[in-house]
Amino acid sequence: MTAETKMAEPKPSMVNPRQFVFPISSANEEEISHVLSSVSNVVKFYGVDKCEVIIVVYSKGIKAVLTNAYFFDKEIQKRLKSLMMYDTVEFIACKNTMDTYEIEEKELLKDVKMVTAGIVEIIERQLDGYIYVRP
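Under this note's numbering, the first residue of the sequence shown carries the number 54, and numbering increases by one thereafter.
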(Lines of atoms letter the chains of each structure in order from A and count residues from 1; the text may use other names and numbers.)
(Lines give C-alpha, C1' and ligand atoms only; values in the text may rest on other atoms or scores of the structure.)
Protein backbone atom coordinates (compact mmCIF):
# COMPACT_ATOMS: atom_id res chain seq x y z
CA MET A 1 0.00 0.00 0.00
CA THR A 2 1.34 3.40 -1.00
CA ALA A 3 1.08 6.20 1.54
CA GLU A 4 -0.28 9.53 0.35
CA THR A 5 2.04 12.55 0.68
CA LYS A 6 0.53 15.15 3.02
CA MET A 7 0.76 18.55 1.38
CA ALA A 8 2.03 21.48 3.43
CA GLU A 9 0.05 24.71 3.51
CA PRO A 10 -0.36 26.67 1.43
CA LYS A 11 -0.96 23.97 -1.14
CA PRO A 12 0.85 24.47 -4.45
CA SER A 13 -1.09 26.39 -7.08
CA MET A 14 -0.48 28.52 -10.14
CA VAL A 15 -0.45 31.57 -7.86
CA ASN A 16 1.72 29.91 -5.21
CA PRO A 17 3.94 27.33 -6.94
CA ARG A 18 6.51 25.19 -5.17
CA GLN A 19 9.98 26.47 -6.08
CA PHE A 20 13.06 24.26 -6.30
CA VAL A 21 16.70 24.73 -7.27
CA PHE A 22 18.78 21.71 -8.30
CA PRO A 23 22.55 21.80 -8.90
CA ILE A 24 24.45 19.84 -11.53
CA SER A 25 28.15 20.15 -10.74
CA SER A 26 29.45 16.75 -11.85
CA ALA A 27 30.14 15.36 -15.32
CA ASN A 28 29.18 11.90 -14.05
CA GLU A 29 26.34 10.79 -16.31
CA GLU A 30 24.65 8.72 -13.58
CA GLU A 31 24.54 11.75 -11.30
CA ILE A 32 23.20 13.97 -14.09
CA SER A 33 20.60 11.34 -14.95
CA HIS A 34 19.55 11.17 -11.30
CA VAL A 35 19.04 14.95 -11.14
CA LEU A 36 16.97 14.87 -14.34
CA SER A 37 14.87 11.99 -12.98
CA SER A 38 14.29 13.90 -9.75
CA VAL A 39 13.23 17.02 -11.65
CA SER A 40 10.87 14.94 -13.80
CA ASN A 41 9.35 13.37 -10.68
CA VAL A 42 8.83 16.78 -9.05
CA VAL A 43 7.16 18.18 -12.18
CA LYS A 44 4.98 15.09 -12.52
CA PHE A 45 3.95 15.13 -8.85
CA TYR A 46 3.12 18.83 -8.51
CA GLY A 47 2.11 19.50 -12.10
CA VAL A 48 4.03 21.71 -14.48
CA ASP A 49 1.87 24.74 -13.62
CA LYS A 50 2.28 24.35 -9.85
CA CYS A 51 6.06 24.27 -9.56
CA GLU A 52 9.08 26.25 -10.73
CA VAL A 53 12.36 24.42 -11.14
CA ILE A 54 15.78 25.97 -11.67
CA ILE A 55 18.69 23.69 -12.62
CA VAL A 56 22.04 25.43 -12.15
CA VAL A 57 24.95 23.85 -14.02
CA TYR A 58 28.48 24.70 -12.97
CA SER A 59 31.92 23.16 -12.64
CA LYS A 60 32.15 19.91 -14.63
CA GLY A 61 28.35 19.76 -14.72
CA ILE A 62 28.46 22.33 -17.53
CA LYS A 63 28.86 19.31 -19.80
CA ALA A 64 25.13 18.64 -19.46
CA VAL A 65 24.12 21.72 -21.46
CA LEU A 66 26.69 21.78 -24.25
CA THR A 67 25.59 21.39 -27.86
CA ASN A 68 28.65 19.31 -28.72
CA ALA A 69 28.12 16.76 -25.97
CA TYR A 70 28.91 13.93 -28.40
CA PHE A 71 30.54 12.02 -25.55
CA PHE A 72 27.28 12.27 -23.65
CA ASP A 73 24.57 9.62 -23.34
CA LYS A 74 22.04 10.66 -26.01
CA GLU A 75 19.12 9.51 -23.83
CA ILE A 76 20.17 11.95 -21.11
CA GLN A 77 20.31 14.81 -23.60
CA LYS A 78 16.83 13.89 -24.92
CA ARG A 79 15.46 13.98 -21.36
CA LEU A 80 17.19 17.30 -20.71
CA LYS A 81 15.72 18.85 -23.87
CA SER A 82 12.31 17.46 -22.93
CA LEU A 83 12.47 19.27 -19.57
CA MET A 84 13.52 22.47 -21.35
CA MET A 85 10.18 22.49 -23.15
CA TYR A 86 8.38 23.41 -19.91
CA ASP A 87 8.07 27.14 -19.21
CA THR A 88 8.48 26.46 -15.50
CA VAL A 89 11.79 24.57 -15.82
CA GLU A 90 14.87 26.70 -16.39
CA PHE A 91 18.50 25.75 -16.98
CA ILE A 92 21.14 28.25 -15.90
CA ALA A 93 24.86 28.00 -16.71
CA CYS A 94 27.70 29.50 -14.70
CA LYS A 95 29.73 32.05 -16.71
CA ASN A 96 32.73 31.63 -14.39
CA THR A 97 32.79 27.92 -15.27
CA MET A 98 32.40 28.72 -18.95
CA ASP A 99 35.38 31.09 -18.76
CA THR A 100 37.46 28.49 -16.89
CA TYR A 101 36.77 25.83 -19.54
CA GLU A 102 36.86 28.36 -22.42
CA ILE A 103 33.26 27.65 -23.41
CA GLU A 104 31.47 30.21 -25.56
CA GLU A 105 27.79 31.08 -25.24
CA LYS A 106 27.08 29.61 -28.70
CA GLU A 107 28.18 26.19 -27.37
CA LEU A 108 25.25 26.07 -24.94
CA LEU A 109 21.97 24.40 -25.79
CA LYS A 110 19.28 26.83 -26.89
CA ASP A 111 17.36 28.49 -24.02
CA VAL A 112 20.10 27.94 -21.41
CA LYS A 113 20.54 31.20 -19.54
CA MET A 114 23.79 32.41 -18.01
CA VAL A 115 24.68 34.01 -14.70
CA THR A 116 28.06 35.23 -13.49
CA ALA A 117 28.39 32.68 -10.67
CA GLY A 118 26.31 29.51 -10.45
CA ILE A 119 26.90 29.01 -6.74
CA VAL A 120 25.76 32.58 -6.01
CA GLU A 121 22.62 31.94 -8.09
CA ILE A 122 21.85 28.92 -5.89
CA ILE A 123 22.41 30.95 -2.72
CA GLU A 124 20.21 33.82 -3.90
CA ARG A 125 17.43 31.47 -5.02
CA GLN A 126 17.45 29.86 -1.58
CA LEU A 127 17.26 33.26 0.10
CA ASP A 128 14.33 34.02 -2.22
CA GLY A 129 12.46 30.95 -0.95
CA TYR A 130 13.51 28.22 -3.38
CA ILE A 131 14.07 24.80 -1.84
CA TYR A 132 17.55 23.40 -2.52
CA VAL A 133 17.41 19.78 -3.68
CA ARG A 134 20.55 17.72 -4.18
CA PRO A 135 19.46 14.19 -5.10
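Positions of the beta carbon are idealized from the N, C-alpha and C atoms, including for glycine.
Asked, Found
"Residue ranges of each alpha helix (DSSP H) run of no fewer than 4 residues wholly in the stretch 113-154, ordered along the chain?", "127-137 and 148-153"
"Roughly how far, in whole angstroms, is the beta-carbon of S91 from the beta-carbon of V186, given that I think they are within contact range, below 8 Å?", "7 Å"
"Please report the distance separating the alpha-carbon of N69 from that of K103.", "7 Å"
"Can you name the residues that DSSP bridges to F73?", "V106 and I184"
"For the alpha helix (DSSP H) holding V101, just list the boundary residues, first then last.", "Looking at the DSSP string, V101 is not in any alpha helix (DSSP H), and its letter there is neither H nor E."
"What does a CB cutoff of less than 6 Å around V109 pick up in its chain, not counting 5 residues either side in sequence?", "P76, I145, G171, E174 and I175"
"Buried or exposed for G114, going by 16 or more other Cβ atoms inside 10 Å?", "buried"
"What residues are listed by DSSP as bridge partners for L161?", "L119"
"Would you mind sorting Q130 into buried or exposed? The rule is 16 or more other CB atoms within 10 Å of its CB.", "buried"
"Can you look up V68 in the DSSP assignment and give me helix, strand or coil?", "coil"
"Are T120 and K148 close, meaning C-beta to C-beta below 8 Å?", "no"
"Looking at the strands, I want to know which residues DSSP matches up with A167.", "Reading off the sequence, residue 167 comes out as Met, not Ala. Per DSSP, A146."
"Please name the residue in E83, I156 and L89 whose C-alpha comes closest to that of V74.", "L89"
"Does DSSP classify K97 as helix, strand or coil?", "helix"
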